[in-house]
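Q: Residue numbers (our numbering): 111 to 450.
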Ligand code: TYM
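1. If you draw a straight line from the alpha carbon of residue 212 to that of residue 203, how long is it in whole angstroms?
2. Which residue wins for smallest C-alpha separation from residue 410, given the options 185, 217, 176?
3. Tell me where the beta strand (DSSP E) around residue 260 begins and ends.
4. Skipping 5 residues on each side, what residues in its chain have a beta carbon closer than 7 Å to that of residue 430?
5. Among 300, 259, 245, which residue has its Cα nearest to the Cα of residue 273?
6. Verify the contact flag: residue 148, CB atom, against every heavy atom of the ligand TYM, threshold strictly below 7 Å.
7. Looking at the ligand TYM, does it come within less than 7 Å of residue 307, judged from the CB to the closest heavy atom?
8. Report the rounded CA-to-CA distance for residue 391 versus residue 358, giving the unit in angstroms.
9. I need the straight-line Cα distance from residue 258 to residue 214, nearest angstrom please.
10. On the criterion of 16 or more Cβ atoms from any shown chain inside 10 Å, does residue 131 qualify as buried, or is it exposed?
11. State the start and end residues of the unbroken beta strand (DSSP E) segment that holds residue 155.
12. In three-state DSSP terms, what is residue 130?
13. Give me, in chain order, the residues of the same chain whose beta-carbon lies closer than 6 Å to that of residue 164; leave out the 5 immediate sequence neighbours on both sides.
14. Just to confirm, is the Cβ distance from residue 117 to residue 152 under 8 Å?
15. At the level of alpha carbons, what is the spacing between residue 299 and residue 192?
16. Hey, would you say residue 354 sits closer than 8 Å to residue 206, going by beta carbons?
17. What did DSSP end up calling residue 446 once you bin it into helix, strand or coil?
18. Tell me which residues share the same chain as residue 175 and place their Cβ nearer than 7 Å to its Cβ, disregarding the 5 neighbours each side in the sequence.
19. Could you pull the DSSP bridge partners for residue 222 from this structure?
20. With DSSP collapsed to three states, give me the class of residue 409.
21. Rounded to whole angstroms, what's the CA-CA distance from residue 158 to residue 139? Just pull it up for me.
22. Buried or exposed: residue 233, going by 16 or more other Cβ atoms within 10 Å of its Cβ?
23. Would you mind working out which of 419, 219, 376, 393 sits nearest residue 268, comparing C-alpha positions?
24. Examine the ligand TYM and report whether any of its heavy atoms sits within less than 7 Å of the Cβ of residue 167.
25. Tell me whether the stretch 395 to 415 and the stretch 326 to 334 touch, counting them as touching only if at least three CB pairs, one residue from each stretch, are closer than 8 Å.
26. Classify residue 224 as buried or exposed, calling it buried when 16 or more other Cβ atoms lie within 10 Å of its own Cβ.
27. Any heavy atom of the ligand TYM inside 7 Å of the beta-carbon of residue 136?
28. Looking only at its chain, what residues have a beta carbon closer than 8 Å to the beta carbon of residue 346, apart from the 5 residues adjacent to it on each side?
29. Relative to the C-alpha of residue 293, which residue among 325, 143, 271, 283 is closest?
30. Identify, in the order they occur along the chain, each residue of the same chain with its Cβ nearer than 8 Å to the Cβ of residue 290, setting aside the five sequence neighbours on each side.
31. Leaving out five residues before and five after residue 310 in sequence, what residues of the same chain have Cβ atoms less than 6 Å from its Cβ?
32. Need the endpoints of the beta strand (DSSP E) that residue 214 sits in, please.
33. When you compare each of 378, 123, 321 to residue 339 by their alpha carbons, which one comes out closest?
34. Taking 8 Å as the threshold (beta carbon to beta carbon), is residue 198 in contact with chain D?
35. Measuring from the CB of residue 312, is there a heavy atom of the ligand TYM at a distance below 7 Å?
36. Where does residue 313 fall in DSSP's three states?
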């Protein structure tokens with residue numbers, strides 16, 4: 111099969127399930143903005159509300175969280191003119207291609223997903239069918255745009271490998287190189303931001319301790335307080351990264367500093383080697399407040415006008431469907447579905 115060339119196009123998404131945090135920002139949103147500004151790609155960014163409902167969402171919370179996520183994208187630098195900004199359920203082709211991929215993907219592939227195992231845990235019988243099929247809808251999100259590049263944090267790597275498997279199987283089954291084989295973009299010093307209370311656990315919205323994460327809505331005081339209280343150790347900072355190999359809490363703070371300040375982690379150590387954490391945390395709090403507090407302020411301002419956010423999402427959906435409708439039509443046609 112000869113490989114056609116695809117328009118360089120970026121797609122990524124975040125669940126509007128509340129408590130957007132520093133991990134989402136450094137692992138995902140910051141790269142979304144950089145890829146938008148690179149001008150090498152068309153960029154499409156999505157609030158994946160259909161993914162959020164794979165676990166229970168209160169309707170009023172979902173509505174608010176979707177608008178808040180949209181506000182955080184814009185406040186972080188995503189420009190709705192330069193990028194297409196959408197809410198997943200407003201572009202029905204995602205769910206339509208998701209069904210097709212439910213018929214392409216195999217049960218065994220889904221059962222091996224570590225996020226499924228983590229989220230369903232021992233209670234898989236009681237998990238929603240949607241939670242099991244989650245990665246197949248994710249593949250559809252990406253491939254319904256023929257996207258080529260997908261910026262995500264490290265925890266989504268396995269889902270993106272599965273997206274490649276689904277595209278490969280579809281192309282092979284129907285004998286046409288129709289879907290691109292995507293490139294994951296997992297880059298920066300903080301592809302896996304860890305909890306501020308336990309450097310061996312990922313920073314996550316599901317952690318019951320609010321002190322474990324910096325939320326994108328936190329003000330300057332809250333950001334500084336959480337960094338001051340972050341777990342560390344009594345040793346000074348070493349002069350190279352190998353010296354942090356067995357110190358996950360310390361390494362996490364150095365990586366966060368590097369990502370926020372757009373530096374290499376080694377450059378952070380060049381500046382701070384020999385410092386104790388009391389001192390380093392003050393410097394980290396300054397960088398974090400400088401970068402994050404204005405985003406929180408702008409989010410609050412945007413949230414005062416939900417009508418404007420809804421208009422942006424409505425316009426985004428129109429632009430998105432110019433891409434997704436023809437791609438879905440072609441996929442249906444390839445499979446032998448009558449189009450008249
Ligand atoms: P979600 O909503 O869990 O997370 C959104 C993005 O944030 C990244 N992330 C992190 N990065 C670094 N450190 C952390 N502690 C951290 N926590 C979260 C995630 O890797 C992700 O990039 N399945 C996706 C949403 C999705 C999607 C898509 C992504 C649906 N369709 C299509 C890409 C393309 C998810 O649940 O992300």
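By construction, the Cβ of each residue, glycine as well, lies at the ideal position given by its N, Cα and C atoms. As the structure is a prediction and not an experimental result, all values here were calculated from the model.
A: According to the data block:
1. For residue 212 and residue 203, the distance between alpha carbons rounds to 14 Å.
2. 185
3. Segment 259 to 261, the beta strand (DSSP E) holding residue 260.
4. 154, 194, 196, 201
5. Closest option to residue 273, Cα to Cα, is 245.
6. For residue 148, the Cβ stays outside the 7 Å cut-off from all heavy atoms of the ligand TYM.
7. no
8. 15 Å
9. 20 Å
10. buried
11. 152 to 157
12. coil
13. 238, 240, 241, 244
14. yes
15. Put simply, the backbone Cα of residue 299 is about 26 Å away from that of residue 192.
16. no
17. coil
18. 126, 127, 128
19. Residue pairing for residue 222: DSSP places it in no beta bridge.
20. Reduced to three states, the DSSP call for residue 409 is helix.
21. 14 Å
22. exposed
23. 219
24. no
25. yes
26. The residue is exposed, with fewer than 16 neighbouring Cβ atoms inside 10 Å.
27. True, at least one ligand heavy atom lies under 7 Å from that Cβ.
28. If we look at residue 346 and ignore the five residues flanking it on each side, its Cβ neighbours are 383, 384, 385, 386.
29. 271
30. 116, 253, 256, 257, 258, 277
31. 358
32. Segment 203 to 214 is the alpha helix (DSSP H) holding residue 214; no beta strand (DSSP E) there.
33. 321
34. In the structure shown, chain D cannot be found, because there is only a single protein chain.
35. Yes, the ligand TYM has a heavy atom inside 7 Å of this Cβ.
36. coil
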